[in-house]
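Novice: Got a structure here, written out as structure tokens. Questions coming.
Protein chains: 2
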Amino acid sequence: MTQPLEHFHPFIPAGGVGSRLWPLSRADAPKFLLDLTGSGSSLLRATYERLAPLTKDPVMVVTGRGHAGAVSQQLPELSAKDLVLEPSPRDSAAAIGLACMLLERRDPGCVVGSFAADHVIEPASVFQEAVVQAVTAARTGKIVTIGIQPSSPSTGFGYIKADGDLGIEGASSVRGVEQFVEKPDEDTARAYVASGDYLWNAGMFVAPASLMLEHLEANEPELFQGLRTIADAWGTVRQDQVMSRVWESLPKTAIDYAVAEPAAAAGDVAVVPGTFNWDDVGDFAAMSRLNHVGESDDVAVLGENTRVLVDNSSGIVVSDTGRVVALIGVEDIVVVDTPDALLVTTREHAQSVKETVNSLKASGDLDVL
Amino acid sequence: MTQPLEHFHPFIPAGGVGSRLWPLSRADAPKFLLDLTGSGSSLLRATYERLAPLTKDPVMVVTGRGHAGAVSQQLPELSAKDLVLEPSPRDSAAAIGLACMLLERRDPGCVVGSFAADHVIEPASVFQEAVVQAVTAARTGKIVTIGIQPSSPSTGFGYIKADGDLGIEGASSVRGVEQFVEKPDEDTARAYVASGDYLWNAGMFVAPASLMLEHLEANEPELFQGLRTIADAWGTVRQDQVMSRVWESLPKTAIDYAVAEPAAAAGDVAVVPGTFNWDDVGDFAAMSRLNHVGESDDVAVLGENTRVLVDNSSGIVVSDTGRVVALIGVEDIVVVDTPDALLVTTREHAQSVKETVNSLKASGDLDVL
Numbered sequence: 001m002t003q004p005l006e007h008f009h010p011f012i013p014a015g016g017v018g019s020r021l022w023p024l025s026r027a028d029a030p031k032f033l034l035d036l037t038g039s040g041s042s043l044l045r046a047t048y049e050r051l052a053p054l055t056k057d058p059v060m061v062v063t064g065r066g067h068a069g070a071v072s073q074q075l076p077e078l079s080a081k082d083l084v085l086e087p088s089p090r091d092s093a094a095a096i097g098l099a100c101m102l103l104e105r106r107d108p109g110c111v112v113g114s115f116a117a118d119h120v121i122e123p124a125s126v127f128q129e130a131v132v133q134a135v136t137a138a139r140t141g142k143i144v145t146i147g148i149q150p151s152s153p154s155t156g157f158g159y160i161k162a163d164g165d166l167g168i169e170g171a172s173s174v175r176g177v178e179q180f181v182e183k184p185d186e187d188t189a190r191a192y193v194a195s196g197d198y199l200w201n202a203g204m205f206v207a208p209a210s211l212m213l214e215h216l217e218a219n220e221p222e223l224f225q226g227l228r229t230i231a232d233a234w235g236t237v238r239q240d241q242v243m244s245r246v247w248e249s250l251p252k253t254a255i256d257y258a259v260a261e262p263a264a265a266a267g268d269v270a271v272v273p274g275t276f277n278w279d280d281v282g283d284f285a286a287m288s289r290l291n292h293v294g295e296s297d298d299v300a301v302l303g304e305n306t307r308v309l310v311d312n313s314s315g316i317v318v319s320d321t322g323r324v325v326a327l328i329g330v331e332d333i334v335v336v337d338t339p340d341a342l343l344v345t346t347r348e349h350a351q352s353v354k355e356t357v358n359s360l361k362a363s364g365d366l367d368v369l
Numbered sequence: 001m002t003q004p005l006e007h008f009h010p011f012i013p014a015g016g017v018g019s020r021l022w023p024l025s026r027a028d029a030p031k032f033l034l035d036l037t038g039s040g041s042s043l044l045r046a047t048y049e050r051l052a053p054l055t056k057d058p059v060m061v062v063t064g065r066g067h068a069g070a071v072s073q074q075l076p077e078l079s080a081k082d083l084v085l086e087p088s089p090r091d092s093a094a095a096i097g098l099a100c101m102l103l104e105r106r107d108p109g110c111v112v113g114s115f116a117a118d119h120v121i122e123p124a125s126v127f128q129e130a131v132v133q134a135v136t137a138a139r140t141g142k143i144v145t146i147g148i149q150p151s152s153p154s155t156g157f158g159y160i161k162a163d164g165d166l167g168i169e170g171a172s173s174v175r176g177v178e179q180f181v182e183k184p185d186e187d188t189a190r191a192y193v194a195s196g197d198y199l200w201n202a203g204m205f206v207a208p209a210s211l212m213l214e215h216l217e218a219n220e221p222e223l224f225q226g227l228r229t230i231a232d233a234w235g236t237v238r239q240d241q242v243m244s245r246v247w248e249s250l251p252k253t254a255i256d257y258a259v260a261e262p263a264a265a266a267g268d269v270a271v272v273p274g275t276f277n278w279d280d281v282g283d284f285a286a287m288s289r290l291n292h293v294g295e296s297d298d299v300a301v302l303g304e305n306t307r308v309l310v311d312n313s314s315g316i317v318v319s320d321t322g323r324v325v326a327l328i329g330v331e332d333i334v335v336v337d338t339p340d341a342l343l344v345t346t347r348e349h350a351q352s353v354k355e356t357v358n359s360l361k362a363s364g365d366l367d368v369l
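Taken in sequence, the protein lines are chains A and E.
Everything in the first sequence is counted per UniProt numbering, starting at 1 for the first residue and increasing by one.
Everything in the second sequence is counted per UniProt numbering, starting at 1 for the first residue and increasing by one.
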């Protein structure tokens, strides 16, 4: 059992619709609010429960204003002061930067941790041990990312090139980071995995809030100044008004460009290789995987009261309509059945769902997005 | 333009759910009530309109009591006396036998014609010319079937083995019938088609009503007696009461066994080779065909207000829900989308739909049948 840490503030940036999971995911039902594993918990709730035991302080959530109600319902123990609401999506640097700044003011010198709201991680205990090592390493003045031991030469993720062991006491598995690299082609990915020095970048960071902000100020001074204006008004009667006005003017950029990559170049980044099972549930192929479809004639069924009739078929059916779904002679099929939209594809084509969503956007079919 | 014939009474036995078209077809929405060609007319309505110009008399319809309302709506010109309602399905010999008996009593010595309610035939004029020849031949004392020139060595139909020309004046294409043969295997079907002497049996009969009844009495005396009891009460206040009581006791058998095959053995059957296009719309593969899906990347869409998004897919979408349907990377797919049931299969597996319906019956899911 992990002991709760002091002056460690995990937070969860909960943004992103997850449009590869349309029509299950929607603008008003983003991926992190869905139960994609049949566990009974949303991905956000599961993330929160993994983090809460690690700290004596509250876990903070940064999400869109439109999700305030749904997030509060999922996390009844979350107090309003720990729910930071974005007026609109402005990419990860703004969301993570604001959390760092608010937490640094709340608890100067603290270590923060940023963890995506929509990943599946098991078992929690192995993840938590990795976070404890990351916090220990962060206290030595490092931005510590938790990388994922690759289970395949995926071309869908960026990679982290690890250096030698840093020899930090109480954080024996922490290694230096030479650089972050973009999504590779297949040959490169194979070479990465074979070398043993590359980890998947899952976007998890543990660091002194002040060090995150130092790099943010150096690389994105305009963004940093805007966040400072917001933080100055935070907790006053002007909070919402200033947030609304300033937020829209903030530069849109990813935390990778604003902080992680330049910090790695400066030698300020370390990595804990995560040995837990990790999945970003990026598409319906991943959902099939996570719902334990293995046998060739198996169909995974997600959804309450769904009656599925299977004849010579395999794949996944996700339904929340209560209709009878009959599959006959369809292999590796993906059927997602919602009240106003129906998707039929295959596991192989699961990645193309995003383009369909873009087509719907372009054709003005906004009612089903 | 065909001249309307005298003493010729076409009738339409409208039974059969067409369960290979589930979930489009249902117990209360049988195939003959559906518009399967996107023409705006149900198959029944199209059948009626093909037959009406051939006669100076009304066209009669024999259907289940449960369909009285729907049939009347489809055929507003049909008078009640020409709508014969079966208390329950008792196979084709009972339905066709009763029509023959009622029409023989109405117009002694008449020729009747029995035409399925759920076939697609084009052009109507070529069909009508065949019927005129069949009526001419029938008046010489023959049961005349209209066979279909096979367009492929189908194993899904029974065949008619034709004999030599009968040399009937005004019916030059009429040939004798040696025998009816059951659905063949593939090699046999190929030999049949190559010989030029075999036609598909589409279940269309034109004959003196009295000759039909003569064979029925000889082969199914119990059925014949029952029908006589019903006919005796017809048009009296006891009609419905006698119908309800006697109908349930009638032997269930097909007109092929009760009349056509023994009549052929007795040398009483002739055939007109039909050169019109004919399709029994037996499954969703047929529906794709009829809705002109030819190109490899084409998707046929049937249903009002259906928005279909196609990416690298082919097949057919039938929807009456108004939902957005997105197909990604699925070839030869069949998607049938109804408010309470969804079918996903392929054109190749279209024939297996009937087994799924049987599974649903066995599992007690009667609400969607």
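We put the CB at the ideal spot given by N, CA and C, even for glycine.
Name the two residues that bound the continuous alpha helix (DSSP H) containing residue 372 of chain A.
Specialist: Beyond the ends of chain A as shown, which are 1 and 369, falls residue 372 of chain A; an answer cannot be given.
Novice: For E/Asp-367, which residues from the same chain have a beta carbon less than 8 Å from its beta carbon, with the 5 sequence-adjacent residues on both sides left out?
Specialist: Translated into the one-based positions of the second sequence, residue 367 of chain E becomes position 367. The residues are Asp-340.
Novice: Determine contact between the stretch 16–30 of chain A and the stretch 93–106 of chain A, defined as no fewer than three beta-carbon pairs at a distance below 8 Å.
Specialist: Flag = no, the stretch 16–30 of chain A and the stretch 93–106 of chain A do not touch.
Novice: Per DSSP, what are the beta-bridge partners of E/Tyr-192 in this structure?
Specialist: As a first step, residue 192 of chain E must be located in the second sequence, where it is residue number 192. DSSP, once it has assigned bridges, lists no residue as partnering E/Tyr-192.
Novice: Along the stretch 338–354 of chain E, what residues have a CB closer than 9 Å to any CB found in chain A?
Specialist: Going along the stretch 338–354 of chain E in chain order, one finds Thr-338, Pro-339, Asp-340, Ala-341, Leu-342, Leu-343, Val-344, Thr-345, Thr-346, Glu-348, His-349, Ala-350, Ser-352 and Val-353 with a Cβ nearer than 9 Å to chain A.
Novice: Assign A/Asn-201 to one of three DSSP states: helix, strand, or coil.
Specialist: As a first step, residue 201 of chain A must be located in the first sequence, where it is residue number 201. Reduced to three states, the DSSP call for A/Asn-201 is strand.
Novice: Is A/Gly-38 close to chain B, meaning its C-beta is less than 8 Å from at least one C-beta of that chain?
Specialist: The chain inventory of the structure shown lacks chain B, comprising the protein chains A and E.
Novice: Quick one: Cα of A/Val-131 to Cα of A/Val-120, how far?
Specialist: On the first sequence, residue 131 of chain A is found 131 positions in, with the first residue counted as 1. On the first sequence, residue 120 of chain A is found 120 positions in, with the first residue counted as 1. Using only the alpha carbons, I get a separation of about 16 Å.
Novice: May I ask you to list the residues that DSSP assigns as paired with A/Ser-319?
Specialist: Working through the first sequence from its first residue, we reach residue 319 of chain A at position 319. Partner(s): A/Asp-337.
Novice: Given that A/Asp-365 touches chain E, what residues does it touch there, using C-beta distances under 9 Å?
Specialist: Stepping through the first sequence from its first residue, residue 365 of chain A is reached at position 365. Going along chain E in sequence order, the residues near A/Asp-365 (Cβ under 9 Å) are Arg-307, Leu-309 and Val-324.
Novice: Between E/Ile-328 and chain A, is the shortest Cβ-Cβ distance under 8 Å, so that the two count as touching?
Specialist: Position 328 of the second sequence holds residue 328 of chain E. Closer than 8 Å to some Cβ of chain A, the Cβ of E/Ile-328 qualifies, so yes.
Novice: Is DSSP giving E/Asn-305 helix, strand or coil here?
Specialist: In the second sequence, residue 305 of chain E corresponds to position 305, counting from 1. Coil, per DSSP.
Novice: So what does DSSP say about A/Ala-93, is it helix, strand or coil?
Specialist: By 1-based counting over the first sequence, the position of residue 93 of chain A is 93. Helix.
Novice: If you measure from the beta carbon of E/Ile-316 to each beta carbon in chain A, is any gap under 8 Å?
Specialist: As a working mapping, residue 316 of chain E is identified with position 316 in the second sequence. Not an interface residue.
Novice: For the putative contact between E/Pro-10 and E/Leu-51, defined by C-beta atoms under 8 Å, what is the C-beta separation to the nearest angstrom?
Specialist: Taking the first residue of the second sequence as position 1, residue 10 of chain E is located at position 10. Taking the first residue of the second sequence as position 1, residue 51 of chain E is located at position 51. With 8 Å as the limit, E/Pro-10 and E/Leu-51 qualify as a contact, their Cβ atoms being about 4 Å apart.
Novice: Could you have a look at A/His-67 and say whether DSSP puts it in helix, strand or coil?
Specialist: Working through the first sequence from its first residue, we reach residue 67 of chain A at position 67. A/His-67: helix per DSSP, three-state reduction.
Novice: Determine the closest residue to E/Val-62 out of E/Pro-76, E/Cys-100 and E/Thr-37, with distance taken between C-alpha atoms.
Specialist: As a working note, residue 62 of chain E is residue 62 in the second sequence. Among E/Pro-76, E/Cys-100 and E/Thr-37, the Cα nearest to that of E/Val-62 belongs to E/Cys-100.
Novice: Using DSSP's beta-bridge definition, name the partner residues of E/Ser-151.
Specialist: The sequence position of residue 151 of chain E within the second sequence is 151, counting from 1. Beta-bridge pairing links E/Ser-151 to no other residue.
Novice: Quick check: does the Cβ of E/Asn-291 come within less than 7 Å of any heavy atom belonging to the ligand ADP?
Specialist: By its list of ligands, the structure shown contains no ligand whatsoever, and the ligand ADP lies outside what it can speak to.
Novice: Of the residues A/Arg-307, A/Lys-142, A/Val-281 and A/Gly-364, which one's Cα is nearest the Cα of A/Leu-34?
Specialist: Locating residue 34 of chain A in the first sequence gives position 34, counting from the first residue. Taking only the C-alpha atoms, the option nearest A/Leu-34 is A/Val-281.
Novice: Determine the DSSP secondary structure at A/Phe-32, reduced to helix, strand or coil.
Specialist: Walking along the first sequence from the start, residue 32 of chain A turns up at place 32. Three-state result, A/Phe-32: helix.
Novice: Which chain A residues sit within Cβ distance under 9 Å of E/Leu-21?
Specialist: Position 21 of the second sequence, counting from 1, holds the residue named residue 21 of chain E. Those within 9 Å of E/Leu-21 in chain A number zero; the least Cβ separation is about 13 Å.
Novice: Beta-carbon of A/Leu-24 versus every beta-carbon of chain E: anything under 8 Å?
Specialist: Position 24 of the first sequence holds residue 24 of chain A. It does not; no Cβ of chain E falls within 8 Å.
Novice: With a threshold of 8 Å between beta carbons, is A/Leu-5 in contact with chain E?
Specialist: In the first sequence, the residue the question calls residue 5 of chain A occupies position 5. No, because no Cβ of chain E sits closer than 8 Å to the Cβ of A/Leu-5.
Novice: Is the beta carbon of E/Gly-274 closer than 8 Å to that of E/Gly-147?
Specialist: Here the question's residue 147 of chain E lines up with position 147 in the second sequence. Here the question's residue 274 of chain E lines up with position 274 in the second sequence. Yes, the Cβ-Cβ distance between E/Gly-147 and E/Gly-274 is below 8 Å.
Novice: Looking only at C-alpha atoms, which of E/Asp-163, E/Lys-361, E/Val-330 and E/Val-111 sits nearest to E/Ser-210?
Specialist: Along the second sequence, one-based indexing puts residue 210 of chain E at 210. The shortest C-alpha separation from E/Ser-210 is found at E/Val-111.
Novice: Smallest Cα separation from residue 424 of chain A: which of A/Ala-124, A/Gln-179 and A/Arg-289?
Specialist: The requested residue 424 of chain A is not part of the displayed model; chain A covers only 1 to 369.
Novice: To which residues does DSSP link E/Val-344 through a beta bridge?
Specialist: Counting from one through the second sequence, the residue named residue 344 of chain E turns up at place 344. According to DSSP, E/Val-344 bridges with A/Leu-327 and E/Val-335.
Novice: Under the three-state reduction of DSSP, which class applies to E/Leu-98: helix, strand or coil?
Specialist: Residue 98 of chain E sits at position 98 when you count from the first residue of the second sequence. E/Leu-98 falls in the helix class under three-state DSSP.
Novice: Between A/Asp-283, A/Thr-188 and A/Ala-202, which has its C-alpha nearest A/Gly-196's C-alpha?
Specialist: Residue numbering aside, residue 196 of chain A sits at position 196 when the first sequence is read from its first letter. When only C-alpha atoms are compared, the closest one is A/Thr-188.
Novice: Taking just the CA atoms, how far does A/Gln-128 sit from A/Ser-154?
Specialist: Counted from its first residue, the first sequence places residue 154 of chain A at position 154. Counted from its first residue, the first sequence places residue 128 of chain A at position 128. A/Ser-154 and A/Gln-128: Cα-Cα distance of roughly 25 Å.
Novice: Alpha carbon to alpha carbon, how far is E/Glu-122 from E/Asp-279?
Specialist: Here residue 122 of chain E is taken as the residue at index 122 of the second sequence, counted from 1. Here residue 279 of chain E is taken as the residue at index 279 of the second sequence, counted from 1. Rounded to the nearest angstrom, the two C-alpha atoms are 9 Å apart.
Novice: Enumerate in chain order the residues of its own chain whose CB-to-CB distance from E/Pro-255 is below 7 Å, with the five nearest sequence positions on each side excluded.
Specialist: Here residue 255 of chain E refers to the residue found at position 255 of the second sequence. Checking the displayed sequence, the identity of residue 255 of chain E turns out to be Ile instead of Pro. Cβ within range, chain order: Ser-92, Ala-93 and Ile-96.
Novice: How about E/Leu-342 and A/Asp-337: do their beta carbons lie closer than 8 Å?
Specialist: Against the second sequence, residue 342 of chain E aligns to sequence position 342. Against the first sequence, residue 337 of chain A aligns to sequence position 337. A contact, by the Cβ cut-off of 8 Å.
Novice: Mind checking whether E/Val-174 and E/Val-272 have CB atoms under 8 Å apart?
Specialist: Here residue 174 of chain E corresponds to residue number 174 of the second sequence, with the count starting at 1. Here residue 272 of chain E corresponds to residue number 272 of the second sequence, with the count starting at 1. Taking 8 Å as the Cβ cut-off, E/Val-174 and E/Val-272 qualify as a contacting pair.
Novice: Would you decide whether A/Arg-90 is buried or exposed? Buried here means 16 or more other CB atoms lie within 10 Å of its CB.
Specialist: The residue you call residue 90 of chain A lines up with position 90 of the first sequence. Classification of A/Arg-90: buried, given that the 10 Å Cβ count is 16 or more.
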